[in-house]
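The UniProt record's numbering numbers the first residue of the sequence shown as 1 and each following residue consecutively.
The block underneath contains the structure these notes are about, expressed in structure tokens.
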Amino acid sequence: MRAVLAREMDCRRVLGRFWSGWRRGLGVRPVPEDAGFGTEARHQRQPRGSRQRSGPLGDQPFPGLLPKNLSREELVDALRAAVVDRKGKPGELTLFSVLPELSQSLGLREQELQVVRASGKESSGLVLLSSCPQTASRLQKYFIHARRAQRPTAIYCAVTDGIPAASEGKIQAALKLEHIDGVNLTVPVKAPSRKDILEGVKKTLSHFRVVATGSGCALVQLQPLTVFSSQLQVHMVLQLCPVLGDHMYSARVGTVLGQRFLLPAENNKPQRQVLDEALLRCLHLTPSQAAQLPLHLHLHRLLLPGTRARDTPVELLAPLPPYFSRTLQCLGLCLQ
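What follows is the structure, encoded as structure tokens:
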């Protein structure tokens, strides 16, 4: 975890990015025990006949992920360290659960921090926190009005397994949440009826632009104009280009004789993403390491309103996580 930017305008406080994704409640996803990361993993006994791939980028395939056994104090320290620019007044381990300690650590006393905007629970990126209810309300209204006017306020970066057919465009799909085998999954709905809309089906829209391509993958910028659970992941699956590290929806894309096609969403359970041998070599990963690949979806840029109505919007940037940058280097991709 590293800091990106923190700034207080009025009584707004902005916290920077998080390398790893979120658990429920915007928590931190720990490194799996068998992921093959770090010093301990390098000294673990390997099965006979297997060798861990290591390339010029080192032995840690996903640098920057938080350790598995993170204490509350360590998480608070990491969050406090993420604030690098301050102006103005000073159960399950989740971001929500440690907000009181973080408030105290930042010297906010009785002021309570609340999450205004954050990337999805499995993705990395900017986190927007506020210690002022009025400012939080103003920001929420700003985001709502921007969505209604179809003005994008967030830009995500994604690495996809596959290259979209068009270099840019928009993705429109009606989506719904469906409980499948004990898991809530987002599934597309073809030609939704008025009844479907009333029952929770939502029409969603995202813009995309391919920034770079290489080794059968693409670096894509995504701008969601609507908000729905796993919207960007499902939208890229509909383009037959699942996000790298998407172990929830990538199995919906099948391949026969080199041609990709969509499989019925209702009949496909979540499973670890399977990458072909050529891509594994490019990434310097073993199949077992690839099974722990983090989701390469990062909230990179966020627009906020200025202090006054006529002010130019403020742009917040979150540099890419180390494991994301490592993947780009392996694939020969560059974020311009």
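Each residue gets a CB set at the ideal place from its N, CA and C atoms; glycine is no exception.
Computed from a predicted model, the values in this text were never measured in an experiment.
Just to confirm my understanding: we take residue i, look at its own chain, exclude 5 residues before and 5 after, and list those with CB closer than 8 Å. What are they?
| i | result |
| --- | --- |
| Leu279 | Asp161, Ser215, Gly216 and Cys217 |
| Val98 | Arg72, Leu75, Val76 and Leu79 |
| Leu262 | Val237, Leu238, Leu240, Arg252, Val253 and Gly254 |
| Asp181 | Lys269 |
| Asp196 | Ala174, Lys176 and Val189 |
| Leu305 | At residue 305 the sequence reads Pro, which differs from the Leu that was named. So the list reads Arg138, Leu139, Tyr142, Asp311, Pro313 and Val314, once near-sequence residues are dropped. |
| Ile163 | Val210, Thr213, Gly216, Cys217, Ala218 and Cys241 |
With DSSP as the reference, label residue i as helix, strand or coil.
| i | result |
| --- | --- |
| Cys157 | strand |
| residue 342 | Any property of residue 342 remains undetermined from this structure, which presents the chain solely from 1 to 336. |
| Glu101 | helix |
| Glu315 | strand |
| Phe228 | coil |
| Ser130 | strand |
| Phe96 | helix |
| Phe62 | coil |
| Leu244 | coil |
| Ala165 | coil |
| Ser206 | strand |
| Val253 | strand |
| His298 | strand |
| Thr213 | strand |
| Ser325 | helix |
| Arg260 | strand |
| Leu303 | strand |
| Gly25 | With a pLDDT of only 36 at Gly25, under the threshold of 50, the placement of this residue in the model should not be trusted, and no figure is reported. |
| Leu320 | coil |
| Leu335 | coil |
| Pro90 | Low confidence applies here, because Pro90 scores a pLDDT of 43, under 50, leaving its location unreliable and the question unanswered by this model. |
Once the 5 residues before and after residue i are set aside, which same chain residues still bring their CB inside 6 Å of it?
| i | result |
| --- | --- |
| Gln223 | Pro152, Ile155 and His207 |
| His235 | Ile171 and Ser206 |
| Leu333 | Ala212, Gly214 and Leu219 |
| Leu139 | Val116 |
| Gln44 | With a pLDDT of 33 at Gln44, under the threshold of 50, the predicted position of this residue should be treated as unreliable, and no value is reported. |
| Gly272 | According to the sequence shown, residue 272 is Arg rather than Gly. Excluding residues within five positions, the ones whose Cβ falls inside 6 Å are His247 and Ala291. |
| Arg260 | Leu240 and Val253 |
| Thr226 | Thr204 and Leu205 |
| Ser250 | Pro242 and Gln273 |
In terms of residue numbering, what span does the alpha helix (DSSP H) encompassing residue i cover?
| i | result |
| --- | --- |
| Phe143 | Pro133 to Arg148 |
| residue 339 | Past the boundaries of the shown model lies residue 339; the chain is included only from 1 to 336, so the question cannot be answered. |
| Leu280 | Glu277 to Leu283 |
| Arg117 | Run containing Arg117: none in the alpha helix (DSSP H); it sits in the beta strand (DSSP E), Gln114 to Ala118. |
| Lys269 | No alpha helix (DSSP H) holds Lys269; DSSP gives it neither H nor E. |
| Lys195 | Arg194 to Leu198 |
Which first and last residues belong to the beta strand (DSSP E) in which residue i is found?
| i | result |
| --- | --- |
| Pro188 | Val183 to Val189 |
| Leu177 | Glu168 to Ile180 |
| Ala290 | Taken as a continuous stretch (DSSP letters only), Ala290 belongs to no beta strand (DSSP E), being part of the alpha helix (DSSP H) at Pro287 to Ala290. |
Just confirm the distance between the C-beta atoms of residue i and residue j, as a whole number of angstroms; I'd bet it's less than 8 Å.
| i | j | result |
| --- | --- | --- |
| Val201 | Val183 | No, Val201 and Val183 are not in contact; Cβ-Cβ is about 19 Å, not under 8 Å. |
| residue 337 | Gln114 | Shown here, the chain extends from 1 to 336; a query on residue 337 therefore has no answer. |
| Val220 | Gln336 | That belief does not hold up - the Cβ atoms of Val220 and Gln336 are roughly 13 Å apart, past 8 Å. |
| Val231 | Thr204 | The sequence given here has Gln at residue 231, not Val. With 8 Å as the limit, Gln231 and Thr204 qualify as a contact, their Cβ atoms being about 5 Å apart. |
| Leu283 | Ser123 | At roughly 19 Å, the Cβ-Cβ gap does not stay under 8 Å, so Leu283 and Ser123 are not in contact. |
| Leu108 | Ser131 | 5 Å |
| Val187 | Glu266 | 6 Å |
| Glu178 | Arg209 | Wrong, their Cβ atoms sit about 30 Å apart, outside the cutoff. |
So, for residue i: in the same chain, excluding its five sequence neighbours on each side, which residues have a beta-carbon less than 7 Å away from its beta-carbon?
| i | result |
| --- | --- |
| Arg53 | Summary for Arg53: the model assigns pLDDT 46, below 50, so the residue's position carries little reliability; its value from the coordinates is reported in the next sentence. So the list reads His284, Leu285 and Thr286, once near-sequence residues are dropped. |
| Pro63 | Pro322, Tyr323 and Arg326 |
Quick check: does the Cβ of residue i come within less than 6 Å of any heavy atom belonging to the ligand SAH?
| i | result |
| --- | --- |
| Arg72 | No copy of the ligand SAH occurs in the structure displayed, which carries no ligand at all. |
Point to revise | the stretch 242-254 in contact with the stretch 155-167 per 3-pair CB rule at 8 Å | key: yes
Check your understanding: Between the stretch 167-179 and the stretch 309-320, do three or more beta carbon pairs fall short of 8 Å?
Key -> no
Review point. Are the stretch 295-302 and the stretch 318-331 touching by the rule of at least three beta carbon pairs closer than 8 Å?
Key: yes
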